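Going by the working numbering, the first residue of the sequence shown is number 20, and it counts up by one from there. We treat Cβ as the ideally placed atom computed from N, Cα and C, and that holds for glycine. Just so you know, these numbers come straight off a predicted model, no measurement behind them.
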Amino acid sequence: MNYDRGSLSVKNVELDMLHEIGNRIAVADPLPEVLGRAVEVISAVVECDSCFVYVLEGDELVLRASKNPHSEVVDRLKLRVGQGITGWVAEHKTPVAVGRDAFQDPRFRSFNELPEDLYQAFLSVPVLSRDKLVGVINLQHRQPHDYSQREIHLISTIGFLVGGEIEMARLEGENSELSEQLEARKVLERAKGILQRDLQLSEEEAYVTLQRQSRQRRKSMKEIAEAIVLSDEVKRIPSKPKPS
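The structure is reproduced here in structure tokens:
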């Protein structure tokens, strides 16, 4: 089998680049920082004028990172799946590249808060994790720009790396939430047991008592339960004997 040395050289450079990108992205940092680094890397690799990363949350795509500062819309701007080019890409899990007059594409959705929506060229690629959609990456150029298959493939591969980080962060968040729920349930069960023992209440009556105190004191049931458990533990501390 014959190989073109020039082609192999380019592929080796791209592999080195992806390896470096993977090392920069795949670190144990909060997701916003990971997405911010991804935007920096993409902007440097493709030399684009704008880069956005949307994360799928429920049935909406939420803007979570931007090359240009947009504090008023990052974490606030949302698109439904199927809405705009971004939503179309999310729905079909297929890249879209528009080299010029992107804002005239019938699928395009513009936002007054984003001056980048007047830029000429637009590339949108799905962010996938195990073929599951987790977000969308958008690039824009002020001037017309014909996106090559190599650029599209490169950004799609970066999207795959980012997708793994998004999915990992999501799983960690779900595990953390589950742990908190289990811990809260344990505390509630202990508090109910204390109320049943001390006040001779049924399990249902103890639960209603916790609910009532939660409303009256405007605190969560977990906070009320923790206070009851702490009070019970304090009572059990043996008092020091008085000096004779």
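is_contact[residue i, chain C] using C-beta, thresh 8 angstroms
i	result
I171	This model lacks chain C altogether, as it is built from one protein chain only.
Per-residue burial, residue i [other beta carbons within 10 Å of its own, 16 or more giving buried]
i	result
I256	exposed
Q230	exposed
N21	Caution is warranted here: a pLDDT of 40 is assigned to N21, below 50, making its placement in the model unreliable, and no coordinate value can be reported.
P163	exposed
V115	buried
P49	exposed
A63	exposed
K211	buried
E135	buried
Nearest-angstrom Cα separation, counted from residue j out to residue i
i	j	result
G25	L201	Model confidence at G25 stands at a pLDDT of 40, short of 50, so the residue's coordinates are unreliable and nothing is read from them.
I156	R56	13 angstroms
D78	E191	20 angstroms
G139	S167	Reading off the sequence, residue 139 comes out as Gln, not Gly. The alpha-carbon atoms of Q139 and S167 are separated by roughly 16 angstroms.
V29	L197	Because the pLDDT of V29 is 44, which lies under 50, any placement of that residue in the model is unreliable, and the question is left without a value.
L137	F122	7 angstroms
Anticipated Cβ contact below 8 angstroms, residue i with residue j, distance rounded
i	j	result
V108	S85	Going by Cβ atoms, the distance from V108 to S85 rounds to 17 angstroms, so no, they are not a contact pair.
T105	Y73	6 angstroms
L158	V92	That pair is no contact at about 17 angstroms.
S148	I185	7 angstroms
I177	V60	7 angstroms
Beta-carbon proximity of residue i to residue j, cut-off 8 angstroms
i	j	result
L75	G183	no
Q215	A225	yes
Heavy atom of the ligand NAD within 7 angstroms of residue i beta-carbon
i	result
Y73	Only the bare structure without any ligand can be found here, which leaves the ligand NAD out of the picture.
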